[in-house]
Structures are given as C-alpha cells and as structure tokens.
C-alpha cells in the first residue's frame with residue numbers, strides 16, 4: 030500500500046511533468062529515426078559481433094540490451110531505435126527528477142532547483158549522448174550515477190551500508206557507458222564539502238568518493254584489458270605525446286566547448302558564477318578562514334571535476350586520446366554545480382537571484398538553439414549519405430547489367446581535399462560527420478541500402494594517382510571506376 034501511495038504521489042508531482050517537457054524540448058527531435066556512423070555498423074553487423082564489440086569496450090549492459098532487443102525480441106532496426114529513444118527519454122526524466130529531489134533538500138527555491146537540475150543533466154555536452162543508437166543505455170548510465178549520489182548522501186548522513194549500493198550502482202553505470210560516470214564525482218563533491226567539518230573528515234570523505242568512483246571503474250577497465258582485445262587500453266602510451274594531446278583537448282573543451290556553444294561562453298558564465306561566489310564569501314563570511322574555505326570550495330569543485338574528466342584519457346593508448354563531448358560530459362556540469370554551490374552556501378537577495386536566474390536561462394536558451402542546429406544537421410547528413418549511397422547502388426546495378434560482372438569488392442580512395450562532413454553542416458568531433466568520411470563505415474552503409482556485403486581490398490596506385498588530381502565538392506559518378514568485380518570508389 031505504501032509503494033502504491035508513493036507512486037501516486039510521484040505522478041501528482043508537478044516537477045515530473047516539467048522535466049518531461051524540458052526533456053522533449055531538448056531531445057524531442059530525436060523521435061525521428063537518425064543515424065550516427067556507428068549505427069550503420071550496429072545494423073549491418075552480425076548480432077554476435079555487435080554484442081562482442083560492446084563487451085570488448087566494457088559496455089556489458091549495452092551488449093546484453095543488444096542481444097535482448099535484436100536477438101530474443103528479434104526487433105527490426107526501427108523498433109530497436111524507438112525502444113532505445115524511449116528508454117533515453119524516460120531515464121533522462123527520472124535523472125532530472127531524482128537530482129532535483131536531492132537539490133531541493135539544500136535549496137528551497139523550486140525554480141532555482143529545476144534550473145540547476147537541468148544544467149547538470151542536460152548540459153551542453155549531453156546532445157552527443159542522444160546521437161548514438163545506444164542512447165537509452167548511455168542515459169541509463171547517467172541515472173545510475175544519480176542513484177549512486179543518493180546513496181552517498183545517505184552514507185554521509187550516517188547510513189554506512191549505503192556505500193555498498195553506491196558501489197553497485199557505479200559498477201552498473203560503468204557497464205552501461207564509461208564517458209558519463211564522472212558526473213557522480215562532480216555532484217558528490219557538494220556533499221563532501223557539506224559534511225566535512227575539519228581537514229580529517231574532508232580527506233576521509235574524498236577517499237570514500239574516490240573509492241566508490243575508482244573501484245567500479247578499475248574493475249571495468251581490467252575486464253576490458255584482460256578478457257577482451259581493445260586497442261584503446263592495450264596499445265602504447267607515450268606520456269609526453271599524451272600530455273600534449275590532453276592539454277590541447279582540455280583547451281578545446283573549456284574554451285571552444287567543441288563548437289557546441291559560442292566561443293568563451295562556457296568559461297564566461299563560469300567566471301561570472303565564480304565571481305559571485307567570491308563576492309558573497311567576502312561579504313557574508315565573518316572570518317578570513319571562512320572566506321578562504323568558501324572560495325576554496327568553488328575552485329575545488331572545478332579542479333576535481335576537470336581531473337576526473339581528463340584522467341580516463343591518460344589511461345588510453347596515446348593514439349586513441351580523443352576529446353569529444355560524450356566523453357567530457359562531467360566537465361559540462363560545472364555551470365550547474367557552481368550555481369548549486371552558490372545557492373546552497375549563501376542567502377541570495379531577490380535582485381541578485383533574479384539576475385542569476387536570467388543569466389542561467391539565457392545560457393540554456395543558447396544551448397537549446399545549438400542543440401536544434403546540430404540535431405537538424407544530423408538529419409541533413411543522414412539524407413545526403415542516403416542519396417549518395419543510392420546513386421552508388423544505381424551505378425553498380427547499371428555496370429552489372431551491362432557487363433555481367435558481379436561487384437563484390439570495393440577499394441576506397443580520397444580526393445585531394447576530402448571533407449569529413451557536407452557543406453553548411455555543423456559538425457563537432459564525431460557528431461554529424463558523413464558516413465563516407467570513415468573507411469570502415471562505407472561498406473556498412475552500402476550493405477544497409479543494398480543488402481550486399483562488399484569486401485574492402487587494397488588500392489590500385491594508378492587509380493589512386495588519378496583520384497588525387499581532383500577535388501570534388503559533391504558526389505559525381507566519375508568518383509567510381511569499375512575493374513572486373515572491384516569498385517574503386519573515391520570519397521570527397
């Protein structure tokens with residue numbers, strides 16, 4: 030009866046419907062089937078290879094979900110996508126709702142707590158989490174991080190056994206998707222600050238967070254390294270090169286935000302919030318020690334979150350270090366975390382509060398505009414990829430009808446200046462790149478639209494030199510040369 034009552038109360042809560050509308054506002058566009066290059070691989074690979082691929086990446090929950098949906102339920106591509114999208118929407122709403130419930134314990138203003146919850150979960154880098162076919166499981170990883178934070182809060186309140194559940198939830202989160210798990214640390218730092226009354230407690234609480242984050246992450250990492258073959262964790266680490274790549278990637282992440290926001294916007298808003306924290310620390314705290322500690326808390330939030338975002342890159346093979354939005358998800362929570370810290374620590378007057386709320390809402394509106402642009406451009410890329418593929422399919426059929434030769438092999442070339450996306454399209458990292466920009470993906474998209482397997486073979490040097498003399502801006506049938514059963518295809 031108590032469980033039934035609680036469920037009824039949840040559905041009566043206005044915040045649940047507010048978060049539903051916010052989620053649909055930011056991600057509703059993805060209700061229409063869309064592709065990332067990886068999606069072509071998932072839909073054209075064998076189920077066994079797909080599952081083993083996810084397992085080899087340590088994404089065991091994703092592998093199991095793939096087997097369940099495509100193997101046991103035998104769902105077609107469209108229904109697999111829609112199931113994943115539905116799970117992504119539901120888990121995002123639950124994440125927002127449960128985080129908001131935590132925040133409301135510290136901040137009594139409903140509008141502020143809703144805005145902060147949104148800034149943390151639907152942060153500027155969250156869009157890439159919705160770009161992949163496994164979006165449902167990726168967002169489930171975020172949810173389990175929030176569930177783990179709930180247990181950590183209980184642990185700090187005296188329920189010591191809660192740490193076991195926190196560890197279990199973090200292990201599940203890692204087995205869903207590792208790129209999001211840093212959000213657990215980012216949010217938990219607030220509770221480290223709140224429940225640390227002295228240096229000893231501060232150090233102990235940090236160790237607890239490090240263990241809850243580190244043990245599941247290490248377990249997942251070791252399972253990849255010793256049970257499966259994965260180049261990202263089994264290649265060579267050249268420390269100097271890795272450091273240089275990490276510094277460059279961190280700059281792109283913080284200053285350019287991977288071109289997902291206007292340049293410097295993220296850092297400007299962070300500095301504004303940091304300045305307000307410093308101002309209130311100086312004005313409201315009575316002693317120099319307290320002023321210092323409150324200011325230190327803000328820099329502590331930023332510093333540790335940055336470290337948690339960067340450390341996983343160090344563990345990878347140097348050539349695999351790749352800073353993109355989906356793997357930097359935790360760093361993008363900083364705007365929300367600084368706002369959380371500010372409103373938790375200080376009594377903010379109405380004029381100042383309204384000014385901060387306006388700044389944060391404007392930030393979210395700019396972010397929403399960016400999300401819409403990247404989302405629409407994703408569908409444009411999908412359409413252009415399909416048009417190019419169908420033209421290639423038609424050209425193959427014409428050749429086969431005229432010659433009687435059956436094309437079963439392809440050799441892939443590039444012109445003098447290949448582009449990774451189409452003209453006028455906004456792209457970031459792996460987002461919105463065309464399928465024909467990645468050699469491995471070309472045979473996959475061809476199989477999807479032709480239902481035929483093509484073996485990739487080595488280049489012909491003469492053909493290669495010929496293609497390098499050109500710089501095509503759009504698809505042209507001159508980019509295809511047939512020789513017996515081989516199609517020589519040049520990407521532009």
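Residue numbers (this note's numbering): 30 to 521. We put the beta carbon where it would ideally sit given N, CA and C, even for glycine. The model shown is predicted, which means the values in this text are computed figures rather than measured ones.
Please check the pair residue 460 and residue 163, which I expect to be a contact at CB under 8 Å, by giving their CB distance rounded to whole angstroms.
-> 15 Å between Cβ atoms; not a contact.
Cut-off 7 Å between Cβ atoms - residues of its own chain near residue 118, not counting five sequence neighbours on either side = Around residue 118: 52 and 56.
Do you know whose CA, among 481, 355 and 455, lies nearest residue 426's CA?
-> Distances from the alpha-carbon of residue 426 to those of 481, 355 and 455 put 481 closest.
How many Å lie between residue 315 and residue 218 at the Cα?
-> The C-alpha of residue 315 lies about 24 Å from the C-alpha of residue 218.
Drop a sphere of 10 angstroms on the beta-carbon of residue 323, count the other beta-carbons inside from all chains shown, and report buried for 16 or more, exposed for fewer.
-> Answer is buried; the Cβ neighbour count reaches 16.
In three-state DSSP terms, what is residue 86?
-> Coil at residue 86, not helix or strand.
Beta-carbon separation (whole angstroms), residue 92 vs residue 80, contact threshold 8 Å | The Cβ separation is near 4 Å, so the contact holds.
Considering only the beta carbon of each residue, do residue 69 and residue 355 sit closer than 7 Å?
-> Pairing residue 69 with residue 355 gives a Cβ-Cβ distance that is not under 7 Å.
Roughly how many angstroms lie between the CA atoms of residue 509 and residue 487, to the nearest whole one?
-> Taking the straight line from one Cα to the other gives about 15 Å.
Only counting runs of 4 or more residues, tell me where the alpha helix (DSSP H) segments fall wholly within the segment 211–251, in order along the chain.
-> Within the segment 211–251, the alpha helix (DSSP H) runs of at least 4 residues that lie entirely inside it are, in chain order, 211–223.
For residue 34, the three-state DSSP class (helix, strand or coil) | Only weak support exists for where residue 34 lies, its pLDDT of 48 falling under 50; the coordinates are left without a value.
Going straight from the alpha carbon of residue 521 to that of residue 153, what length do you get?
-> Going by C-alpha positions, residue 521 is about 31 Å away from residue 153.
Proximity below 7 Å, CB of residue 206 to CB of residue 457 = Between residue 206 and residue 457, the CB-CB gap reaches or exceeds 7 Å.
Residue 484 and residue 438: beta carbons closer than 7 Å?
-> Closer than 7 Å, so yes.
Euclidean distance between Cα positions of residue 114 and residue 88 | So the two alpha carbons sit approximately 18 Å from each other.
Three-pair Cβ contact test at 8 Å for the segment 298–306 versus the segment 361–368 = The segment 298–306 vs the segment 361–368: in contact.
Can at least three beta-carbon pairs, one atom from the segment 319–333 and one from the segment 195–206, be found at a separation below 8 Å?
-> Touching, no, given that fewer than three Cβ pairs across the two stretches are closer than 8 Å.
Rounded C-alpha distance that separates residue 363 from residue 330 = As the crow flies, the alpha-carbon of residue 363 is around 8 Å from that of residue 330.
Candidates 208, 452, 174 and 312: which alpha carbon is nearest residue 195's?
-> Here the closest residue by C-alpha is 174.
For residue 511: DSSP bridge partner residues | Partner(s): 516.
Assign residue 502 to one of two classes, buried (16 or more other C-beta atoms within 10 Å of its C-beta) or exposed (fewer than that).
-> Flag for residue 502 reads exposed.
Please specify which runs of the alpha helix (DSSP H), each continuous and at least 4 residues long, are wholly inside the segment 335–393, giving them in chain order.
-> You should have 363–374.
DSSP three-state call for residue 42: helix, strand or coil?
-> Three-state result, residue 42: coil.
Measuring alpha carbon to alpha carbon, tell me which of 84, 386, 340 and 444 ends up nearest residue 256.
-> When the alpha-carbon of residue 256 is set against those of 84, 386, 340 and 444, the nearest one is in 84.
Range covered by the beta strand (DSSP E) that runs through residue 197 | First-last for residue 197: 191–205, but that is the alpha helix (DSSP H), not the beta strand (DSSP E).
Straight-line CA distance for residue 74 to residue 106?
-> Distance from the CA of residue 74 to the CA of residue 106, rounded to the nearest whole angstrom, comes to 12 Å.
DSSP three-state assignment for residue 318, whether helix, strand or coil | Look at residue 318 here: in three-state DSSP terms it is helix.
Apart from the five residues just before and just after residue 71, which ones in its own chain have a Cβ nearer than 6 Å to its Cβ?
-> Result list for residue 71: 79 and 162, in chain order.
Note down the Cα distance separating residue 420 from residue 204, rounded to an integer number of angstroms.
-> Residue 420 and residue 204 have their C-alpha atoms roughly 40 Å apart.
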